[in-house]
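Each residue of the sequence shown is one higher than the one before, starting from 1 at the first, in my numbering.
Heads up, the beta-carbon is just placed ideally off N, CA and C, and yes, glycines get one too.
Being a predicted model, the structure only gives us computed values, none of them experimental.
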Amino acid sequence: MNSITGSGSQLLKKLSLYFFFFLFPAYGLRCISCNSVKDPDCANQPPQKYSVECAHLVLNIYDSFCLKKVTKDRDGKETTVRKCSAVENKDFTNECSVNPGTELVYCQECKDDLCNSANTNRFTFLGIMSAILVYFVTNHF
């Protein structure tokens, strides 16, 4: 009877891991994509509606990342741009360059999901529940 219980437990672990990976498939990088000229909320607290998947930029030759760039024009008006970006050579990007007469206030390139949002330390409910499920399954079966 122990061998049946043991193999059932192993089967349950395997099934739960398969379920986990098929239920939560891997997606591409997600970034906030907005411009404070069109939506002033983009400057400080961009709404989640601006969260986009950057899959349209991902090709084998490109290195994709999120960008947040703040510039100031000659009149002192700041503009914030958040977007997905990609470059062929990951050692060289010109995303932080600015036009003459424009001052670069801040520029950040990052590679984590939603890292170009105002709040970079986010834990999603789905992520927390997934971690609890994996812990429970691996330690209690």
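Is the distance from the Cβ of residue i to the Cβ of residue j below 8 Å?
i, j, result
"C115", "C66", "yes"
"C42", "R82", "yes"
"N35", "A118", "no"
"Y50", "E88", "no"
"T71", "L104", "yes"
"S85", "L29", "no"
Which residue marks the beginning of the beta strand (DSSP E) containing residue i, and which one marks its end?
i, result
"T79", "78 to 87"
"K69", "63 to 72"
"C110", "103 to 110"
"E53", "51 to 53"
How close, in whole Å, do the beta carbons of residue i and residue j come, if the pair is a contact with beta carbons under 8 Å?
i, j, result
"C107", "K77", "At roughly 17 Å, the Cβ-Cβ gap does not stay under 8 Å, so C107 and K77 are not in contact."
Determine which residues share a DSSP beta bridge with residue i and list them.
i, result
"N35", "V81"
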